[in-house]
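Protein chains: 2
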Amino acid sequence: MPTLKDVAKEANVSVSTASYAINGSSLITKETKEKVLSAAKKIGYRPNASAKNLKKNKSEIIGFFLSGFKGPFFNEILEGVQDIVIKNGYEMVVCASNSKHRLLVESYVDGAIILNFHLDDYTIDFLANEKMPIVTLDREMNNPYIKNVLLQNKTGIDFGVKHLADNGHRRIGFIGGSYDSYDGEMRLAGFKESLKKYNLILNENDVIRAEFTEISSLLVMDQYIKENETRPTAFICANDEMAMGAIKALQQNGISVPKDIAVVGFDDIELSKHFDPPLSTIRIQKKLWGKTAAEALFKMLDKQYDFNPPEVPIEFIHRSSS
Amino acid sequence: MPTLKDVAKEANVSVSTASYAINGSSLITKETKEKVLSAAKKIGYRPNASAKNLKKNKSEIIGFFLSGFKGPFFNEILEGVQDIVIKNGYEMVVCASNSKHRLLVESYVDGAIILNFHLDDYTIDFLANEKMPIVTLDREMNNPYIKNVLLQNKTGIDFGVKHLADNGHRRIGFIGGSYDSYDGEMRLAGFKESLKKYNLILNENDVIRAEFTEISSLLVMDQYIKENETRPTAFICANDEMAMGAIKALQQNGISVPKDIAVVGFDDIELSKHFDPPLSTIRIQKKLWGKTAAEALFKMLDKQYDFNPPEVPIEFIHRSSS
DNA sequence: TTAGATTATTGAAACGTTTCAAAACAAGAG
DNA sequence: CTCTTGTTTTGAAACGTTTCAATAATCTAA
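Okay, here's the thing in structure tokens:
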């Protein structure tokens with residue numbers, strides 16, 4: 451691999467001149483610059499990012515750290531982030547990590563957005579600093595170099611519960627996800643608050659848990675149906691996949707949705723509007739979520755720390771499942 | 451940020467000893483190693499990847515370069531790649547680039563998988579070398595350090611055409627995508643070959659083009675319907691999204707699918723089986739595609755160049771749209 | 001012309017690691 | 001004791017850049 455030194459030799463200038471020329475410094479005359487540039491092209495020079503970053507102590511790359519590429523969800527968030535990253539002249543890398551987090555730990559990136567339950571709070575808190583601000587999408591953290599861009603889970607759930615209550619439902623069940631999900635637990639907490647708000651009684655037995663997947667929800671719902679004589683007239687679910695699983699279980703047991711039981715999801719994933727029946731759900735504007743997060747990050751990279759990121763809008767989408 | 455030097459000072463050893471200790475060299479005694487490690491922890495030392503990579507001239511990271519995060523497609527491929535990458539003790543970064551490709555050009559990664567029409571052949575050819583082998587998913591290239599892991603587009607289309615021909619269709623149309631897609635053009639070429647194979651005549655007017663999206667396909671199909679008195683009894687589409695768009699256009703014009711016109715897609719995306727009517731299509735095993743690509747890459751990283759990656763299986767999925 | 005100011009170029013140090021070769025130390029053998 | 005051998009530690013160079021400070025070249029004005 452040819453280096454700057456090789457370019458300098460080829461162009462008959464010093465290494466420093468070559469460096470200035472390639473970086474477009476105004477110190478260098480036009481002729482020299484051209485000489486260097488054509489020498490660089492001739493020998494196929496490419497800058498070495500490691501050396502550059504080592505010297506400059508920054509990479510102009512930000513990282514998005516997620517738990518895995520599965521799921522119908524990330525693409526849109528990433529699109530939003532990417533837009534802002536490009537606008538700021540940076541690049542984004544996306545990493546799924548479940549253990550080592552090398553890229554996060556070894557100063558690869560100048561900033562990070564985190565949506566990854568594998569990472570513990572302690573690590574995130576330890577990593578955040580002036581040289582590497584962090585935005586979390588999946589937890590609340592309190593650190594001058596960390597901003598949280600969180601969803602309005604409780605508001606969203608409240609829209610759903612209100613809708614059901616308005617339509618006369620008095621006994622509403624909830625399908626939650628695994629305990630380690632911040633959003634999931636917030637949604638459950640919101641559910642309980644909303645029930646109170648609308649004077650509905652909470653039947654603890656009607657709060658069931660699956661694992662955020664369609665199949666897990668189908669199974670637990672099937673079991674629930676078989677074990678319970680009387681049932682809620684509506685379920686609200688911590689995400690759309692589980693709503694779909696629940697609906698399938700209900701249908702398989704001869705229970706009609708929404709005639710016998712109404713079901714409301716959360717997230718409004720792409721599939722939801724194509725599902726049969728189309729799913730009532732709470733929509734997150736995912737691309738905007740990504741944008742908001744990225745903007746918060748760049749604000750911190752610009753040494754501004756004293757602000758609160760704007761809320762990401764959320765809305766209830768009424769379709770046929772309720 | 452504390453450096454190795456700080457660790458060395460804290461532990462009362464030399465920098466080299468600290469380095470050996472942290473990297474687990476067998477030269478170092480147990481006690482020294484422990485001393486160093488606890489010093490490192492105490493002062494919050496984290497290795498600096500830039501310095502390390504500069505010295506070692508490798509990063510143990512491979513990059514996946516795609517054109518954008520849109521589309522229902524990438525996640526599964528990425529999952530496959532990620533599995534293999536982790537198995538090899540590397541990390542993967544995913545980048546969407548439309549212009550600068552900084553991460554690809556500046557020796558950030560030790561290898562690359564490319565599915566990105568924004569990148570031109572010349573650049574890819576220029577970048578590939580022993581220190582950075584490349585696997586392409588979206589074009590044929592001939593270079594000792596590049597392997598192509600391509601789909602069996604023609605075979606796939608042939609399954610579709612055969613299915614339609616077997617069901618008595620004599621006039622079959624095709625909805626292609628934009629000209630710059632390798633897979634799209636291969637599918638079109640395969641379509642023409644298959645027509646010949648089954649003695650069907652090609653009506654050039656029945657080959658229409660959209661842009662791989664549902665909406666573009668809906669629009670061109672709508673126009674096609676309005677402009678043409680007689681029509682094929684079946685369409686085969688270069689991807690599932692366009693098949694869905696076409697079906698919607700047909701339905702909006704009072705044409706029933708599959709009763710009046712059969713439609714077959716390509717890719718078998720998640721949505722296809724939930725679509726109304728569920729879509730007949732050609733399935734790509736996307737996760738396996740990713741795995742195959744990653745395995746080819748690691749073989750090259752292991753200095754093995756003389757092999758052909760295995761074919762990625764492909765199959766026809768019969769649902770209700772045909 | 002020439003001193004002084006301005007512009008263009010260069011040498012060398014530094015960034016944080018790794019790793020070779022040399023040095024220091026410890027242990028056995030004579 | 002001293003010599004050898006083997007083990008552990010260390011000093012220093014190197015990786016490819018950037019950038020400060022210093023030098024060289026050119027220009028301006030008296």
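These protein sequences, in sequence, are chains A and B.
Numbering follows the numbering used here, with no gaps: position 81 of the first sequence is 531.
Numbering follows the numbering used here, with no gaps: position 126 of the second sequence is 576.
Here a beta-carbon is modelled for each residue, glycine too, at the ideal position from N, C-alpha and C.
Between the Cα of Lys604 of chain A and the Cα atoms of A:Ile596, A:Phe716, A:Ile665, which residue gives the shortest distance?
A:Phe716
Flag Tyr648 of chain A as yes if its beta-carbon sits less than 8 angstroms from any beta-carbon of chain B, otherwise no.
By this cut-off, Tyr648 of chain A is not an interface position.
Reducing DSSP to helix, strand and coil, say where Asp788 of chain B ends up.
Given that chain B is displayed from residue 451 to residue 772, the structure contains no residue 788 of chain B and the question cannot be resolved.
So Phe609 of chain B is in the alpha helix (DSSP H); what residue range does that whole segment cover?
603-616
By the three-class DSSP mapping on this structure, what secondary structure does Arg659 of chain B have?
strand
When you compare the CB positions of Gly618 of chain A and Ile686 of chain A, do they come within less than 8 angstroms of one another, or not?
no
Does Asp571 of chain B come out as helix, strand or coil in the three-state DSSP assignment?
Helix at Asp571 of chain B.
Using the three-state DSSP reduction, which class does Ile705 of chain B fall into: helix, strand or coil?
coil
Roughly how many whole angstroms lie between the Cα atoms of Met411 of chain A and Tyr558 of chain A?
Residue 411 of chain A lies beyond the range of chain A shown here (451 to 772); nothing can be said about it.
Give the interface partners of Met451 of chain A over in chain B, defined as CB-CB distance under 9 angstroms, in chain order.
Under the 9 angstroms cutoff, chain B gives Asn507, Ser557, Asn579, Lys581.
Who are the near neighbours of Ala743 of chain A in its chain, counting only those whose CB is closer than 7 angstroms to its CB and skipping five residues on each side?
Val531, Ile563, Val585, Leu587, Val599
Establish whether the CB of Asp690 of chain B and some CB of chain A are separated by less than 8 angstroms.
no
Please name the residue, chosen from B:Glu541, B:Thr663, B:Ala712, B:Arg659, that lies closest to Ile511 of chain B on a Cα-to-Cα basis.
B:Glu541
Look at the alpha carbon of Ser644 of chain A and the alpha carbon of Leu700 of chain B, and state the distance between them as a whole number of angstroms.
45 angstroms
Contact criterion: CB-CB distance below 8 angstroms. Does Asn473 of chain B meet it with respect to chain A?
Cβ-Cβ to chain A under 8 angstroms: no for Asn473 of chain B.
Have a look at Leu669 of chain B and Thr683 of chain B and give me their C-alpha separation to the nearest angstrom.
19 angstroms
Start and end of the beta strand (DSSP E) containing Thr731 of chain B?
In the DSSP annotation of this structure, the continuous segment of the beta strand (DSSP E) that includes Thr731 of chain B starts and ends at 731-734.
Taking its Cβ as the centre, do 16 or more other Cβ atoms sit within 10 Å of Ser488 of chain A, making it buried, or is it exposed?
exposed
Could you tell me which chain A residues have their CB closer than 7 angstroms to the CB of Phe725 of chain B, listed as they occur along the chain?
His724
Anything in chain B within Cβ reach of Cys687 of chain A, meaning under 7 angstroms, just list it in chain order.
Those within 7 angstroms of Cys687 of chain A in chain B number zero; the least Cβ separation is about 17 angstroms.
List, in order along the chain, the chain B residues whose C-beta lies closer than 7 angstroms to that of Gln532 of chain A?
Phe519, Ala546
Please go through the same chain and pick out, in chain order, the residues whose beta-carbon is closer than 7 angstroms to the beta-carbon of Glu580 of chain A, but skip the five residues on each side of it.
Tyr595
Do you know how far the Cα of Gly474 of chain B is from the Cα of Lys480 of chain B?
Answer to the nearest angstrom: the Cα atoms are 10 angstroms apart.
Go ahead and pull the three-state DSSP assignment for Gly640 of chain A.
helix
Assuming Lys723 of chain B is part of the beta strand (DSSP E), what are its boundary residues?
Element bounds for Lys723 of chain B: n/a, residue is neither H nor E.
When you compare the CB of Leu751 of chain A with every CB in chain B, is at least one pair closer than 8 angstroms?
no
In this structure, does DSSP put Asp456 of chain B in helix, strand or coil?
helix
Write down every uninterrupted run of the beta strand (DSSP E) in the segment 545-569 of chain A whose length is 3 residues or greater and which is fully enclosed by it, in chain order.
561-565
Are the CB atoms of Asp718 of chain A and Ile734 of chain A within a distance shorter than 8 angstroms?
yes
Considering only residues of the same chain and omitting the five flanking positions on each side of Leu565 of chain A, which have a CB-CB separation below 6 angstroms?
Leu516, Leu587, Asp588
Here's the rule: buried if 16 or more other CB atoms are within 10 angstroms of the residue's CB, otherwise exposed. What is Glu654 of chain A?
Exposed, because fewer than 16 other Cβ atoms sit within 10 Å of the Cβ of Glu654 of chain A.
With a threshold of 7 angstroms on Cβ separation, who are the neighbours of Lys508 of chain A within its own chain once the five nearest residues in sequence on each side are excluded?
Asp560
Is the beta carbon of Gly513 of chain B closer than 8 angstroms to that of Leu554 of chain B?
yes
Give me the chain B residues within the contact set of Glu765 of chain A, using Cβ-Cβ distance strictly less than 9 angstroms, ordered along the chain.
By Cβ distance, chain B contributes nothing, its closest Cβ being about 22 angstroms from Glu765 of chain A, past 9 angstroms.
Note down the Cα distance separating Arg637 of chain A from Leu738 of chain A, rounded to an integer number of angstroms.
Separation of Arg637 of chain A and Leu738 of chain A (C-alpha to C-alpha, rounded to the nearest whole angstrom) is 20 angstroms.
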